[in-house]
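Accompanying notes for the structure given below.
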Amino acid sequence: MRLLSLEEGEKAVKLARKAVESYLKDKEIIKERFSGVFEEMRGVFTTLTKHGELRGCIGFPYPVKRLDEAIIESAIAAATDDPRFPPVKLEEMDEIIIEVTVLTPPKKVDVPPPERPKAIEIGRHGLIVKYKYFSGLLLPQVAVEYNMNEEEFLTQTCLKAGLSPDCWLFNEVELYTFEGQIFKEKEPRGKVVEVKLKES
Numbered sequence: 004m005r006l007l008s009l010e011e012g013e014k015a016v017k018l019a020r021k022a023v024e025s026y027l028k029d030k031e032i033i034k035e036r037f038s039g040v041f042e043e044m045r046g047v048f049t050t051l052t053k054h055g056e057l058r059g060c061i062g063f064p065y066p067v068k069r070l071d072e073a074i075i076e077s078a079i080a081a082a083t084d085d086p087r088f089p090p091v092k093l094e095e096m097d098e099i100i101i102e103v104t105v106l107t108p109p110k111k112v113d114v115p116p117p118e119r120p121k122a123i124e125i126g127r128h129g130l131i132v133k134y135k136y137f138s139g140l141l142l143p144q145v146a147v148e149y150n151m152n153e154e155e156f157l158t159q160t161c162l163k164a165g166l167s168p169d170c171w172l173f174n175e176v177e178l179y180t181f182e183g184q185i186f187k188e189k190e191p192r193g194k195v196v197e198v199k200l201k202e203s
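4 is the number of the first residue of the sequence shown in the numbering used here; add one for each residue after it.
Now the structure itself:
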């Protein structure tokens with residue numbers, strides 16, 4: 004799967020910001036569509052942070068929409084529909100940094116549960132835990148930002164799913180890994196950079 008160029012990443016972040024600000028201002032969902040990678044079905048998450056604190060994060064773990072559509076919808080949802088936070092107000096956008104993470108399709112981890120930590124690479128993998136109707140996802144940057152090891156990352160993903168912290172040790176719980184390419188503003192409306200979690 005092709006990685007995005009920095010120019011494409013910049014386009015993605017600017018699209019996310021435009022989508023949020025247009026929606027907060029006029030309650031309109033922008034109709035912009037781009038060609039190239041933006042026509043491809045990709046998973047994506049949009050993350051909003053304010054003064055270094057999370058302000059909203061929602062996305063599509065699976066490639067079910069065109070990338071441009073997925074960015075627009077995830078950005079608006081991160082600003083207005085994240086149940087952990089009140090909806091973002093338009094005037095807050097001067098203080099909010101936007102980050103877009105483009106995902107690879109999730110891959111099932113097929114090893115015995117006690118071996119699961121060895122199948123995870125911190126700084127490379129994000130995690131999805133699934134059991135019946137429960138599902139939890141953490142992006143690759145979460146483990147790095149909170150200095151987690153593999154077991155802590157698994158535990159936190161289980162908790163995100165609303166399951167017991169040791170749920171990853173059970174055979175009936177499914178584990179998936181994915182990778183993400185991260186682009187974010189250095190400051191609100193500022194220069195867009197690609198974030199490298201670890202040296203390749």
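Yeah, the Cβ is synthetic: ideal placement off N, Cα and C, and Gly gets one too.
- Of the residues assessed, H54 falls on the exposed side of the cut-off, its CB having fewer than 16 other CB atoms within 10 angstroms.
- The beta strand (DSSP E) runs lying completely inside the region 36-65 and spanning 3 residues or more are 46-53 and 56-63, given in chain order.
- The region 111-119 makes no contact with the region 77-94: fewer than 3 CB pairs, one atom from each, lie closer than 8 Å.
- The C-alpha of A81 is placed about 24 Å away from the C-alpha of T158.
- Bridge partners of Q184 according to DSSP: V105.
- Annotation for G129: the continuous beta strand (DSSP E) segment containing it runs G129 to Y134.
- Within 10 angstroms of the beta-carbon of Y179 lie 16 or more other beta-carbons, which makes it buried.
- Secondary structure of K111 (DSSP, three-state): strand.
- The beta-bridge partner set that DSSP reports for I99 consists of K53.
- The region 91-101 makes contact with the region 185-194, as at least three CB pairs between them are under 8 Å.
- Beta-bridge pairing by DSSP links F137 to Y134.
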